[in-house]
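S.K.: Please find one structure pasted underneath; my questions will follow.
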Ligand SMILES: [Zn+2]
């Protein structure tokens, strides 16, 4: 098979070459996994030979994790009075400002509340005058203590009612003064309790919202962080303030950056430690609860490397063409298996023992595959 490879490669490259070698020549110096390229062939195919070079390879710690937000930065939006949803003003992902209207709730009970408030307010005016009048008369011993206490009780009780109704109006953002001057409304607005991003909406127009309904949820993204799971053995290489790269699980194309904020002190049962990191910028794609993967570059190693075009994979093994001889206008190569130490971009790190060898730097794939594809099934 190796012998055939030699011949086939020879034929392929002599076919387009004007200078013809005799077959006898080839047999004279055939080697295992050997290949000869003439200078013309090298030139015609733009093949390059060269030594491996030292390159910097990142040493990374890989991790998985979760995008999280402390409970204090999550808000469940609820309402204070039941009713029907008249309007929903936001959708999931909307950025809202504190005080912005999120939804409008409508119900007759809202009007009734205002009416009760107006009634309580005007009754209170009368009861207050009565209270002061009887207080004076009681001091002058004109009325019985019992009558004075009754007036006092009626006033204080009505005042409590009025205050309660006033607070309810304030909770639904209806101005008590506007109500007293005759502005009544059958609906009220649900407002954003803080700046944030709408993370869920549980209502639609016409939904009845009773006492227990959660209308929507809002997250304040200022404290979105990453809870990362890092193997305990990797922890000594980490420090607070260290940068890292991460991406949403399965979406490796969009790379985000973050900074390590705190490293957990506790090793969990799975030998991992929780590392807390903060993204350097907030993107709407970073949704709470999403899984992430990432890496932390802890060192750069200087390794002997070949361009990836010099290395070919066959059945999970890596092969190169090592230049063994160069004379009489031809270069001899030997197909050789190498151990890949690391890959980074277009470079492949190989063992240091290859430092004084010369390799075919490009086109190795085609030359080595030709043997496999074209002649692999034959035998001599
Ligand atoms: Zn944090």
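Numbering (the numbering used here), first residue to last: 910 to 1289. Built from N, CA and C at the ideal position, the CB exists for glycine as well.
Using 8 Å as the Cβ pair cut-off and three pairs as the minimum, do the stretch 1218 to 1235 and the stretch 1199 to 1207 touch?
M.R.: When C-beta atoms of the stretch 1218 to 1235 are compared with those of the stretch 1199 to 1207, fewer than three pairs fall below 8 Å, so the two segments do not count as touching.
S.K.: Closer than 7 Å: is that where the CB of residue 1185 sits relative to any heavy atom of ligand 1?
M.R.: Indexing the chain shown from 1 puts residue 1185 at position 276. Yes, the beta carbon of residue 1185 sits closer than 7 Å to at least one heavy atom of ligand 1.
S.K.: Compute every distance between the C-beta of residue 982 and the non-hydrogen atoms of ligand 1, then say whether any falls below 7 Å.
M.R.: Stepping through the chain shown from its first residue, residue 982 is reached at position 73. Flag unset: Cβ of residue 982 not near ligand 1.
S.K.: Quick check: the Cα distance between residue 1210 and residue 1102, rounded to an integer number of angstroms?
M.R.: Here residue 1210 refers to the residue found at position 301 when the chain shown is read from its first residue. Here residue 1102 refers to the residue found at position 193 when the chain shown is read from its first residue. Using only the alpha carbons, I get a separation of about 51 Å.
S.K.: Under DSSP, the beta strand (DSSP E) around residue 1229 begins and ends at which residues?
M.R.: As a first step, residue 1229 must be located in the chain shown, where it is residue number 320. Element bounds for residue 1229: 1226 to 1236.
S.K.: Considering Cα atoms alone, identify which of 957, 953, 945, 943 is closest to residue 1269.
M.R.: Within the chain shown, the letter at position 360 stands for residue 1269. Closest by alpha carbon: 957.
S.K.: What three-state label does DSSP hand residue 1037 in the structure shown?
M.R.: Translated into the one-based positions of the chain shown, residue 1037 becomes position 128. If DSSP states are grouped into helix, strand and coil, residue 1037 belongs with the helices.
S.K.: Have a look at residue 1143 and residue 1166 and give me their C-alpha separation to the nearest angstrom.
M.R.: Position 234 of the chain shown, counted from the start, is the residue given in the question as residue 1143. Position 257 of the chain shown, counted from the start, is the residue given in the question as residue 1166. Distance between the alpha carbons of residue 1143 and residue 1166: 19 Å.
S.K.: Decide if the stretch 1010 to 1029 is in contact with the stretch 1093 to 1111; the criterion is three or more beta carbon pairs, one per stretch, under 8 Å apart.
M.R.: yes
S.K.: What are the residues that DSSP puts in a beta bridge with residue 1240?
M.R.: Your numbering for residue 1240 matches position 331 in the chain shown. Residue 1240 pairs with 946, 1235.
S.K.: Are there 16 or more other CB atoms within 10 angstroms of the CB of residue 1058, so buried, or fewer, so exposed?
M.R.: Residue numbering aside, residue 1058 sits at position 149 when the chain shown is read from its first letter. It counts as exposed.
S.K.: Note the first and the last residue of the continuous beta strand (DSSP E) segment covering residue 1152.
M.R.: As a working mapping, residue 1152 is identified with position 243 in the chain shown. Element bounds for residue 1152: 1152 to 1157.
S.K.: Count Cβ pairs between the stretch 969 to 987 and the stretch 1132 to 1139 that sit closer than 8 Å; are there 3 or more?
M.R.: yes
S.K.: Evaluate the contact criterion for the stretch 974 to 989 versus the stretch 1122 to 1129: three or more CB pairs, one atom per stretch, below 8 Å.
M.R.: yes
S.K.: So, using beta-carbon positions, are residue 1245 and residue 946 closer together than 8 Å?
M.R.: For the purposes of this step, residue 1245 is identified with residue 336 of the chain shown, where counting begins at 1. For the purposes of this step, residue 946 is identified with residue 37 of the chain shown, where counting begins at 1. It is not a contact, given that the beta carbons lie outside the stated cut-off.
S.K.: Determine the direct distance from the alpha carbon of residue 1105 to that of residue 990, and round the result to whole angstroms.
M.R.: By one-based count along the chain shown, residue 990 stands at place 81. By one-based count along the chain shown, residue 1105 stands at place 196. Looking at the two C-alpha atoms, the distance is approximately 24 Å.
S.K.: Here's a check: name, in chain order, each residue in its chain whose Cβ is nearer than 7 Å to the Cβ of residue 1146, leaving out the five neighbours to either side.
M.R.: One-based indexing of the chain shown puts residue 1146 at position 237. The residues are 970, 1207.
S.K.: Classify residue 1293 as buried or exposed, calling it buried when 16 or more other Cβ atoms lie within 10 Å of its own Cβ.
M.R.: An answer regarding residue 1293 cannot be provided, because it is not within the stretch 910 to 1289 covered by the chain.
S.K.: Below 8 Å, how does it come out for the stretch 1059 to 1070 and the stretch 1030 to 1050: are there three or more Cβ pairs, yes or no?
M.R.: yes
S.K.: How big is the Cα-Cα spacing for residue 1112 and residue 1032?
M.R.: Here residue 1112 refers to the residue found at position 203 of the chain shown. Here residue 1032 refers to the residue found at position 123 of the chain shown. So the two alpha carbons sit approximately 39 Å from each other.
S.K.: If you reduce the DSSP assignment to three classes, tell me which class residue 962 lands in.
M.R.: Taking the first residue of the chain shown as 1, we reach residue 962 at position 53. Note: residue 962 maps to strand in three-state DSSP.
S.K.: Checking 8 Å against the spacing of the C-beta atoms, do residue 1000 and residue 1110 come in under that value?
M.R.: Translated into the one-based positions of the chain shown, residue 1000 becomes position 91. Translated into the one-based positions of the chain shown, residue 1110 becomes position 201. Yes, they are a contact pair.
S.K.: For residue 944 versus residue 1276, is the C-beta distance shorter than 8 Å?
M.R.: Counted from its first residue, the chain shown places residue 944 at position 35. Counted from its first residue, the chain shown places residue 1276 at position 367. Yes, the Cβ-Cβ distance between residue 944 and residue 1276 is below 8 Å.
S.K.: If you compare alpha carbons, which of 1195, 1151, 1141 is closest to residue 1183?
M.R.: Residue 1183 sits at position 274 when you count from the first residue of the chain shown. Checked all of 1195, 1151, 1141; the closest Cα to residue 1183 is 1141.
S.K.: Starting from the C-beta of residue 932, find all residues in its chain whose C-beta is less than 6 Å away, skip the five residues before and the five after it, and write them out in chain order.
M.R.: What you label residue 932 is simply residue 23 of the chain shown in a count that begins at 1. With a pLDDT of 37 at residue 932, under the threshold of 50, the modelled position of that residue is not reliable, and the figure given next carries that caveat. For residue 932, where only same-chain residues beyond five positions count, there are no Cβ hits under 6 Å.
S.K.: Under 7 Å: does the beta carbon of residue 1266 sit that close to some heavy atom of ligand 1?
M.R.: Here residue 1266 corresponds to residue number 357 of the chain shown, with the count starting at 1. Checking the Cβ of residue 1266 against ligand 1 gives no.
S.K.: Using only the heavy atoms of ligand 1, determine whether one of them is closer than 7 Å to the beta carbon of residue 1132.
M.R.: By 1-based counting over the chain shown, the position of residue 1132 is 223. Because some heavy atom of ligand 1 lies under 7 Å away, the Cβ of residue 1132 counts as near it: yes.
S.K.: When burial is assigned at 16 or more other CB atoms within 10 Å of the CB, is residue 1193 buried or exposed?
M.R.: On the chain shown, residue 1193 is found 284 positions in, with the first residue counted as 1. Under this definition residue 1193 is an exposed residue.
S.K.: Can you find the residues in the same chain that come closer than 6 Å, C-beta to C-beta, to residue 948, ignoring five residues on each side of it along the sequence?
M.R.: Here the question's residue 948 lines up with position 39 in the chain shown. Annotation for residue 948: 1238 place their beta carbon closer than 6 Å to its own, counting only its chain and skipping 5 residues before and after.
S.K.: Return the first residue and the last residue of the alpha helix (DSSP H) that residue 1056 is part of.
M.R.: Position 147 of the chain shown, counted from the first residue, corresponds to residue 1056. Counting along the chain, the alpha helix (DSSP H) containing residue 1056 begins and ends at 1054 to 1080.
S.K.: Please state whether DSSP places residue 1252 in a helix, a strand or coil.
M.R.: What you label residue 1252 is simply residue 343 of the chain shown in a count that begins at 1. Reduced to three states, the DSSP call for residue 1252 is strand.
S.K.: Would you give the residue range spanned by the beta strand (DSSP E) that residue 978 belongs to?
M.R.: The residue labelled residue 978 in the question sits at position 69 within the chain shown. Annotation: residue 978 is outside any beta strand (DSSP E) and is labelled neither H nor E by DSSP.
S.K.: Buried or exposed: which applies to residue 1164, given that a residue is buried once 16 or more other Cβ atoms fall within 10 Å of its Cβ?
M.R.: As a first step, residue 1164 is located in the chain shown; it is residue number 255 there, counting from the start. So residue 1164 counts as exposed.
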